[in-house]
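Shown next, in structure tokens, is the structure this report addresses.
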Amino acid sequence: MEHFYIAALTLVILLFWYFTGLAYTLIFYLGVGRLLLMLVSVVQWTKEHFLSSRLDLPQRYGKGSWVFITGAANGIGLAYAKKFASLGFNLYIIDIDDKGLDNAKQVIEKEAPQVEIVTKIFNLANLQTIEDYQEVLDVVKDKDVSIVINNAGFLSLMQLDEVPASQVINMFKVHCMATALFSRLMYKKLVSRTIDSNNKSAIINMASVCSYSPSDKTVIYNCVKAFNSFFSKGLNMEAHQNLDVLTACPGYVSTAFLNERKALDTIDTTT
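Mapping the sequence shown onto my numbering, position 239 (from 1) lands on 243, and the numbers just tick up by one.
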């Protein structure tokens, strides 16, 4: 009987050593695997941001085609407008700021006199029906629109209980409803031009780093920017073969959106 207990104990010890060794082996190889995945990600990120050449946007989307931009009187929207105009794209830009929009047009015409620029004053918070949104787009219904940039937005730095209820509604209208409906109403036109020609089309939606990390006094803003981010990801899954769907997620940018300082006029077209 004593020999039996010794044998059983020996077997337990051997099994323990075996499975412990197996566990350490699995942990080792899993660790190596995770390390390799991290290295691959670092290499891809480095290639994407530092080693890849810039896209030839006129070749990809069609030089002389039209870019529709909301909230383009200043800040990031104006920077997009100036960049695309410099590349030979025509512009249809809208904003609630009539003086700012006139100034933007004058500035762009001086820098890119060869392009055509159409401006319209619209308050996206006042759009109520599908017909209202379609009216905005009817201005370029006969134009070759290749890119839609849903950029318009505003921010209220207040506790939720201090934000006027009407402002909460307007934030969803401007950030979410306008983005979703302009994308929806332009979808078939953008996809069809891609199918019928060698040029791609694109929708660019403005999200924010706030969509990843909520903070106080920007509760609603965080939510609408998270919507924009998820909307872009889902739309990209649906239409990636025929349509470029991009999301911009800037952090703090010195624009009139937050203060009166001059906008940082930088757009990265690196692939």
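For glycine and all other residues, C-beta sits at the position ideal for the given N, C-alpha and C.
Residues that residue i bridges to, as DSSP identifies them
| i | result |
| --- | --- |
| F72 | Y96 and V152 |
| D248 | A206 |
| K124 | I98 |
Cutoff 8 Å; reference residue i; Cβ partners in own chain excluding five residues on either side
| i | result |
| --- | --- |
| I199 | N246 |
| V195 | S205, A243, N246 and L247 |
| M162 | K221 |
| D102 | I125 |
| S201 | G66 |
beta-carbon residue i near the ligand GTP non-hydrogen atom, thresh 7 Å
| i | result |
| --- | --- |
| L239 | The ligand GTP is absent from the structure shown, which contains no ligand whatsoever. |
Residue i versus residue j: straight-line alpha-carbon distance, rounded
| i | j | result |
| --- | --- | --- |
| D220 | G68 | 44 Å |
| A267 | G81 | Caution is warranted here: a pLDDT of 33 is assigned to A267, below 50, making its placement in the model unreliable, and the coordinate value is therefore given only provisionally. Going by the C-alpha atoms only, they are around 10 Å apart. |
| Q132 | V257 | 31 Å |
| N127 | L43 | 47 Å |
| Y191 | I73 | 15 Å |
| C253 | N240 | 16 Å |
| T50 | L59 | 17 Å |
| N174 | V47 | 43 Å |
| V249 | S57 | 20 Å |
| S45 | C180 | 32 Å |
| T123 | K114 | 16 Å |
| A3 | E120 | Given a span of 5 to 275 for the chain in the structure shown, any question on residue 3 remains unanswerable. |
| Q110 | V71 | 17 Å |
| G238 | E135 | 25 Å |
Neighbourhood of residue i by C-beta, 7 Å cutoff - its chain only, sequence neighbours within 5 removed
| i | result |
| --- | --- |
| D269 | Because the pLDDT of D269 is 33, which lies under 50, any placement of that residue in the model is unreliable, and the number read from its coordinates should be weighed accordingly. Within the same chain, D269 has close Cβ partners A83 and K86. |
| G75 | G81, D99, N155, A156 and G157 |
| G255 | V213 |
| V223 | L164 |
| T183 | N154, N209, N232 and F235 |
| V167 | S160 and I224 |
Check whether residue i and residue j have beta carbons under 8 Å apart
| i | j | result |
| --- | --- | --- |
| A108 | A89 | no |
| A129 | K177 | yes |
| G92 | P117 | no |
| S160 | Q171 | yes |
| R197 | D148 | yes |
| L189 | Y137 | yes |
| I112 | V152 | no |
Own chain residues within Cβ distance below 6 Å of residue i, not counting five before or after
| i | result |
| --- | --- |
| N203 | Y65 and G66 |
| S215 | K229, A230 and S233 |
| N226 | C214 and P218 |
| T1 | Residue coverage of the chain in this structure runs from 5 to 275, which leaves residue 1 outside it and unanswerable. |
| S150 | Y65, G66, S69 and S205 |
| L185 | Y137 |
- Query: Would you call the segment 89-104 and the segment 141-151 touching, i.e. three or more CB-CB distances under 8 Å?
  - Reply: Contact annotation: the segment 89-104 touches the segment 141-151, with at least three C-beta pairs closer than 8 Å.
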